[in-house]
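Undergrad: My numbering numbers the first residue of the sequence shown as 1366 and each following residue consecutively. We treat Cβ as the ideally placed atom computed from N, Cα and C, and that holds for glycine. Sharing a structure with you now.
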Amino acid sequence: MGKGDPKKPRGKMSSYAFFVQTCWEEHKKKHPDASVNFSEFSKKCSERWKAMSAKEKGKFEDMAKVDKTRYEREMKTYIPPKGETKKKFKDPNAPKRPPLAFFLFCSEYRPKIEGEHPGLSIGDTAKKLGELWNNTAANDKQPYEKEAAKLKEKYEKDIAAYRAKGKPDAAKKGVVKAEKSKKRRRRKMRKMKKMRKKRKMKMMKMMMMNKLVLVQFFSLSIKHLTPCTQLTPFKEKN
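Put into structure tokens, the structure is as follows:
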């Protein structure tokens, strides 16, 4: 159920979330009284998921599709409480925000790290990328920062043109020009401290992805659990 509103439909689950749920059920069935190291459990789930074939993942993807259909069906008839705002609609045709210099760097070095450390979890990969970026000299970071600035400039032009499409008189009234000037002022006012904080939060989100999946699972009512016994349970270490 939704947080704050017991009538709100339960959120949809991803194929990976269904896989983690299945692993958890199997583990608790075999070791009902054993304590669980959630960090280790999450890591093992991630490793097993990566090693699975597309066919093996298929049944979990089917479960996710069914759950998505259920969620969309329930949301059509759901009426939010008075005062609750609906989620802002995102136009799929709108220009996408450009990546930061750090993420351009990650795109280049992630394959290398994954090749050198096969089986490394998403969180550990993100950690290594962060360490590599922090140890990179300022001069070596410049190509990524320049590319990010170039992509950002292009994005601002594209988004201004996109927004002007719905305003035929925008060019005549100087709305587009004023918007660009406003964005330039905002760009100058941004401080490095804010940029570092944003990059750090992005990294933390990547590292916490597996844990968030577990949190999603534990927030579900036990009556929604889908039993599945086709996977081999984890073996406890002696």
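#1: May I ask you to report which of helix, strand or coil DSSP gives Asp1370?
#2: Closest by CA to Pro1464, which one among Lys1530, Lys1519, Lys1373?
#3: Starting from Lys1517, follow the alpha helix (DSSP H) in both directions and report where the run begins and ends.
#4: Can you grab the Cα-Cα spacing for the pair Ser1407 / Phe1467, in whole Å?
#5: For the alpha helix (DSSP H) that His1392 lies in, which residues bound it at each end?
#6: For a quick check, are the C-beta atoms of Tyr1436 and Pro1371 less than 7 Å apart?
#7: Where does the unbroken alpha helix (DSSP H) through Pro1476 begin, and where does it stop?
#8: Just the C-alpha distance for Lys1377 and Glu1426, rounded to the nearest angstrom, thanks.
#9: What whole-angstrom Cβ distance do Ile1478 and Ser1411 have, given they're in contact under 8 Å?
#10: Are the CB atoms of Ala1525 and Lys1553 nearer to each other than 7 Å?
#11: Are the segment 1468-1477 and the segment 1394-1408 touching by the rule of at least three beta carbon pairs closer than 8 Å?
#12: Measuring straight from C-alpha to C-alpha, what distance separates Tyr1509 and Arg1438?
#13: If you measure between the beta carbons of Tyr1527 and Pro1457, is that distance less than 7 Å?
#14: Does chain C have any CB closer than 7 Å to the CB of Cys1388?
#15: Indicate whether Glu1521 and Lys1559 have their beta-carbon atoms separated by less than 7 Å.
#16: On the DSSP letters alone, give me the boundaries of the alpha helix (DSSP H) that Arg1375 sits inside.
#17: Among the candidates Ala1514, Arg1561, Ala1419, whose CA atom is the shortest distance from the CA of Trp1498?
#18: At which residues does the alpha helix (DSSP H) containing Lys1492 begin and terminate?
#19: Between which two residues does the alpha helix (DSSP H) carrying Ser1407 extend?
#20: Let me know if Met1428 comes out buried or exposed under the rule of 16 or more other beta-carbons within 10 Å of its beta-carbon.
TA: Straight from the coordinates:
#1: strand
#2: Lys1519
#3: 1503-1529
#4: 26 Å
#5: 1380-1395
#6: no
#7: 1466-1481
#8: 12 Å
#9: Actually they are not in contact, since the Cβ atoms of Ile1478 and Ser1411 sit about 15 Å apart, beyond 8 Å.
#10: no
#11: no
#12: 44 Å
#13: no
#14: Structure shown: chain C not included; a single protein chain is present.
#15: no
#16: It is not in any alpha helix (DSSP H) - Arg1375 carries neither H nor E in the DSSP assignment.
#17: Arg1561
#18: 1487-1499
#19: 1403-1416
#20: buried
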